[in-house]
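Undergrad:
Residue numbers (the working numbering): 38 to 349.
1. Rounded to a whole number of angstroms, what is the C-alpha to C-alpha distance between residue 70 and residue 47?
2. Compare the beta carbon distance of residue 234 and residue 222 with 8 Å and say whether it is the shorter of the two.
3. Using the rule of at least 16 other Cβ atoms within 10 Å of the residue's Cβ for burial, across every protein chain shown, is residue 339 buried or exposed?
4. Would a C-beta distance cut-off of 8 Å place residue 169 and residue 144 closer than the cut-off?
5. Tell me the DSSP secondary structure of residue 104 in three-state form.
6. Considering only the beta carbon of each residue, do residue 121 and residue 86 sit closer than 8 Å?
7. Ordered along the chain, which non-local residues of its own chain (more than five positions away) have a Cβ less than 6 Å from that of residue 278?
8. Kindly list the residues whose CB is nearer than 7 Å to the CB of residue 88, restricted to its own chain and excluding five residues on each side of it in sequence; keep chain order.
9. Can you tell me whether DSSP reads residue 84 as helix, strand or coil?
10. Thinking residue 303 and residue 336 are a contact (beta carbons under 8 Å), I'd like their distance in whole angstroms, please.
11. Report yes if the C-beta distance between residue 243 and residue 290 is below 8 Å; otherwise report no.
12. Output the boundary residues of the alpha helix (DSSP H) element that contains residue 122.
13. I think residue 261 touches residue 232, with their Cβ atoms under 8 Å apart; what is that distance to the nearest whole Å?
14. Tell me whether the beta-carbon of residue 213 lies closer than 8 Å to the beta-carbon of residue 239.
15. Among 161, 159, 184, 160, which has the Cα closest to the Cα of residue 171?
16. Run the CB neighbour count on residue 126, radius 10 Å, all protein chains shown included, and call it buried at 16 or more, exposed below.
17. Go ahead and pull the three-state DSSP assignment for residue 99.
Structure (structure tokens):
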């Protein structure tokens, strides 16, 4: 295909709603040229909303499998779309970016966007800048400004969904006021708040939450158990290892919990973990299970290698 015909065929494909979008065109959106983006902007108002959403979802899938792709320029443009679902997916495409300008842009969306879903997605994306700030990979100014905005919105926003996403976002920060927010959310009694608190505990890298996490791992509610297992892995709780090994021995019926248990053990490591995962791999029933177990074993080796380096 010539450079001259490529934009035209891309535009034609955007405007045909009932046919799959040609996968070979998806790469055009990565590091998109100004000329191609200009052509897309001309016809974007005529592209059906569902076509836009499906396109953005396809790009999200591409990004998950190839981290060298960058849809930043196209995603920034899509943030201005009239449809809130399109804007939400555009935010997701920008998750891997550490551009400080995005922190300000996401902050404006969190504060002003009329859609609750978009504001929640913006809060979630801002969590990346809190994490980067804790890792000293963005400036202190960007970190402090982002944290201040999130905490302000937590106090003034009336929507629980948004406040829960803000809690998750700020939980990467180790300040005592945030630990108090997590504790309050966990004690609230509402399921959605307790789930948000459990995820926040895992992100906090703070072992003070080990008792709550271990307790929730025994919950009969699958959602609580899943989040608790994930938190145990994130916190690398050694005391969770026997509980997780016992779960695997009892043959977990819930696939999501089964895979999360495997991954948590790969992060915790220690006695019997490698042997257990290798045995599961030998008896795996399907390709997905094989892939999860192989990834877990690779991660376990990586974790064990880092642990051995910490000794010296």
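Beta carbons are placed, not taken as given, at the ideal position from N, Cα and C, and that holds for glycine.
Predicted, not measured: the structure shown is a model, and the values here were computed from it.
TA: Walking through what the data contain:
1. 13 Å
2. yes
3. exposed
4. no
5. coil
6. no
7. 305, 307
8. 51, 54
9. coil
10. 4 Å
11. no
12. 121 to 130
13. 7 Å
14. no
15. 184
16. buried
17. helix
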